[in-house]
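Just so we're aligned: 355 in my numbering is position 304 of the sequence shown, and the numbers increase by one with no gaps anywhere.
Heads up, the thing below is written out as structure tokens.
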Amino acid sequence: MSNLNFIKLIEEASSVVGKTFPLYAFVTSNPLSGYEKDTFFDATESAQKYFSGSFFPTASVYQQAWDINEIDEQVLKNMLIADGYMESPDFYLQQIENSKPLQEENANHNLDTMMVKWLSAFLDEGMAEWEMPNRTEGFYSAWRKLAKYDGKLGVKSLNEIPIDATNALQQALKVYTDKEYLQIFEYHIAALAGWTGYIKYRAENNTDWQQKYPITLTDYLAVRLWVANRIQAQIVAPKKDRTAQKEQAKLQYIWLKAWEKSLQNKLVQKLEKKQTTVEDVIIADEIPDAQLVFCIDTRSELLRRHIEAQGKYETFGFAGFFGIAADYKDLNTGIIRKSCPLIVGSAYTISESCYTNKTAELVSFKKTAEDLKFKNYFFKRLKNMLPSAFGYVEGSGLIYGASLVARSLFPAKLYQIEQKNSKPHESFCDTKIQHSHLTDDTLASIPLAEKVAIVNSAFAVMGWQKFAPLVVFAGHGSHSKNNPFGSSLDCGACAASPGRNNARMLASLANLTEVKEALAAEHNLFIPSNTVFIGAEHNTTTEDIVLFDGQVPASHHEYLKALKVNLKKAQLIAIKQRRGLASDEINHVYKKANNWAETRPEWGLAKNGGFIIGPRNLSKNVDLESRCFLQSYDWRKDDSGDLLEAIMQGPMTVTQWINNHYYFSTVDNDRFGGGTKITHNVTGQFGVVQGNGGDLKVGIPLQSVKATDDEMYHQPLRLSVIIEAPLERVTAILDKNPNLKSLITNQWIYLLVMDPLKEGAPKLYKTNEVETVA
């Protein structure tokens, strides 16, 4: 078989695993994304061929949901009877409990161990002091030159190993037929899904590390299959009888659907009750004192509600990259990182520009950064160099010990001191934007037409009608110590980066006089001359909102002062409610943010289950328990349906990734999650393994989805999306986008449509038809 044919087969086989994102950009994504062409249930059956473990909640999880009335008894009974199950729910729950899947022994444990050793060495991204030789030649070539030094392989001469990956595959598979190749490739790619998922990520995203040290799944399979033959490991996947498991899965699936239906009914009842009993605080003709735009993130829902309760404030929901398809160049390190969704190509680069009267602050900032960089490098060398290692450990032990004690006993106090003494660069720098393919010297900024388009699209998607004196674009980020998965708590819309930079950039563009004038002339969007836009960041660990207000004019200081007071009030209420505290113990969240031993600095997106696309009046003053993503949208301002289509293609798709990642991380944390943080070991600076080796962890850590090892926190349910728009518009969009439609018809997500041209009640979409939910 030719190299091209091998590559095509391997590309097809790679669909059995999703991408594994690196720790520094840990984006949640559906681990079964390659199976989305099938129905959810059929996908779990297909994946079961390669992944042992569970794809549905266990009996104990269902029992917990049943005990707290999260599953409606009548809904469950109706679904059981519809599928021919006539006994009581308790009877079938016991059946699920009695049929736990057996732990399957890994016949290729030794092979996996050998591959992890080679992959860890080759893929290292600067963590190892001594790097693997010959990496620039690619994985297969580098391995081939070193294989004879691996005593377990017994290679005496380089000539024993084929010269390239294609020849190695042909040699390893010479006793098998072409028809068997695909299944063999799938079996061995799935065997170490975390590692192969990371190879897939590097190859498809062509990262800097990939360009320097290339590796492909073809290389990986060539090495693995050659080694497998050498040590007589298993080449073909063993056949397994899963008849009993499939029958059991049907029962688990009915319980899951009943739970999801119960959540939908409760959500619909809340929204319908709100529509008939609650009036908006800010009437249509009244201008609010301030407007705040938050990310659609579920963690924003609670804070938005409490901010609105403090006064004449209006809030909106918008994907946290704020419509700017950009990368961000860090002022401190110079490193450029993606700051928009992975499914969006980066057209721009956001960087920093010092205010003309703040150059001294910039010089001081850069000097501090350089000093810190040298200090870190110097101490790393002292720790790792043989002549100094022992003396360094002995000599520095007292200092490190004192620091460790202080951070263990007084984390909250240290956090407050650090925050007080830090001077963020936002106080002396503004953002600038340019095309990604151009250098600073080539183009200082982008054309006016593009600036106008960015600002206009943001307001158009949200259905903006009036402008307050202060408009705040609030990105979000998280703060935690000693947390390898820390980036997973930042903004998913910004590719696991904080959203502050995009928020500041949009504010800067909206403040430009020429942009305001063009918006009025070209888009009939009139921004008052007294409206000032500012960026901000919502710290989701502490609920604090930092306003980047250094350039706000004196005329707006009273508005700003009042807003800060009310944001502090909202913060304290949110802390109390989200953490379940008896009082607003702000030290409690400061401790969580700065404690090196804290396994749960915050809950992230746990409990996410809904996504509401529509105007704020649908859900205002409704306690959605931080379970819903909230995207502002006004169907009346979108005659073409283009804005709704963009929301469904973008935020709705991304939230499906998030939801499914949390789902699978909860139902089987060992296979699809991140495992327990207690025994995490960071490898190569890009991933985590459990203990001293094994597969790369691909999902959310145990402590981020469960209250204890056995007690549920995240409720593993598929996403229920509610859209307020004419049904014909939604149907047209789905017919135009078959991949989007298949997510709904294949039941990866639920779609409920509130048609304002009819009765407006949410109804479940089913292949161009709808049915009443409650």
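We put the beta carbon where it would ideally sit given N, CA and C, even for glycine.
Keep in mind that this is a model prediction, so the values were computed, not measured.
| Asked | Found |
| --- | --- |
| Going by C-alpha distance, which of Ile585, Phe536, Glu696 is nearest Glu477? | Ile585 |
| Buried or exposed for Val456, going by 16 or more other Cβ atoms inside 10 Å? | exposed |
| Classify Val616 as buried or exposed, calling it buried when 16 or more other Cβ atoms lie within 10 Å of its own Cβ. | exposed |
| How would you label His527, buried or exposed, when you count the other beta carbons within 10 angstroms and need 16 or more for buried? | buried |
| So what does DSSP say about Phe518, is it helix, strand or coil? | coil |
| So Asp721 is in the alpha helix (DSSP H); what residue range does that whole segment cover? | 720–723 |
| Counting along the chain, where does the beta strand (DSSP E) carrying Lys483 start and finish? | 480–486 |
| Out of Ala525, Asp721, Phe662, Gly701, which has the shortest C-alpha to C-alpha gap to Ser771? | Phe662 |
| DSSP state of Arg388, grouped into three classes? | strand |
| Thinking just about the alpha-carbon of each residue, which of Leu233, Lys263, Ser139, Ser580 is nearest to the one in Ile522? | Sequence inspection shows Val at residue 522; the Ile mentioned does not correspond to that position. Closest option to Val522, Cα to Cα, is Ser580. |
| Taking the alpha-carbon of Trp169 as reference, which of Ser84, Asn185, Glu352, Val503 has the nearest alpha-carbon? | Asn185 |
| Among the residues of its own chain, which have a CB less than 8 Å from the CB of Leu83, if the five just before and after it don't count? | Gly69, Ala94, Thr95, Ala98, Asn711, Phe715 |
| With burial defined as no fewer than 16 other Cβ atoms inside 10 Å of the residue's Cβ, what is the status of Glu810: buried or exposed? | exposed |
| Counting pairs of Cβ atoms below 8 Å between the region 618–634 and the region 339–357, do you hit three or more? | yes |
| Alpha carbon to alpha carbon, how far is Lys748 from Thr228? Give it in angstroms, no decimals. | 33 Å |
| With DSSP as the reference, identify every bridge partner of His527, one or two as the case may be. | His589 |
| Over what stretch of residues does the alpha helix (DSSP H) that includes Asn553 continue unbroken? | 551–562 |
| Alpha carbon to alpha carbon, how far is Glu337 from Tyr684? Give it in angstroms, no decimals. | 20 Å |
| Determine, using beta-carbon pairs with one atom in the region 496–507 and one in the region 667–683, whether at least three such pairs fall under 8 Å. | no |
| Report the start-end ranges of each alpha helix (DSSP H) in the region 63–146 that is 4 residues or longer and not cut off at the edges. | 91–98, 110–118, 124–133 |
| Assuming Val506 and Val583 make a contact with CB atoms under 8 Å, what is their CB distance in whole Å? | Val506 to Val583, Cβ: 14 Å. No contact. |
| Between Thr838 and Ala377, is the Cβ-Cβ spacing less than 8 Å? | The question about residue 838 has no answer, for the chain in this structure spans 52 to 825. |
| Under the DSSP definition of a beta bridge, which residues are partnered with Met805? | Glu775 |
| Would you be able to state if there are at least three C-beta pairs under 8 Å between the region 718–726 and the region 702–710? | no |
| Please report the straight-line C-alpha distance between His574 and Asn797, rounded to a whole angstrom. | 39 Å |
| So what does DSSP say about Lys380, is it helix, strand or coil? | strand |
| Please report the straight-line C-alpha distance between Pro840 and Val226, rounded to a whole angstrom. | Beyond the ends of the chain as shown, which are 52 and 825, falls residue 840; an answer cannot be given. |
| Specify the secondary structure class of Gly661 as computed by DSSP and reduced to three states. | strand |
| Please state the DSSP three-state secondary structure of Ala341. | strand |
| Is Tyr399 helix, strand or coil by DSSP? | strand |
| Any idea which residues DSSP pairs Thr366 with across the strands? | Leu343 |
| Identify, in the order they occur along the chain, each residue of the same chain with its Cβ nearer than 7 Å to the Cβ of Asp89, setting aside the five sequence neighbours on each side. | Ser97, Asn797 |
| What do you get for Tyr200, buried or exposed, if any count of 16 or more other CB atoms within 10 angstroms of its CB means buried? | exposed |
| What three-state label does DSSP hand Leu209 in the structure shown? | helix |
| Short of 7 Å in beta carbon distance, which residues of its chain neighbour Thr247, apart from the five on each side in sequence? Order them along the chain. | Val68, Ile240, Leu268, Tyr271 |
| Where does Ile58 sit, in a helix, a strand or coil, going by DSSP? | helix |
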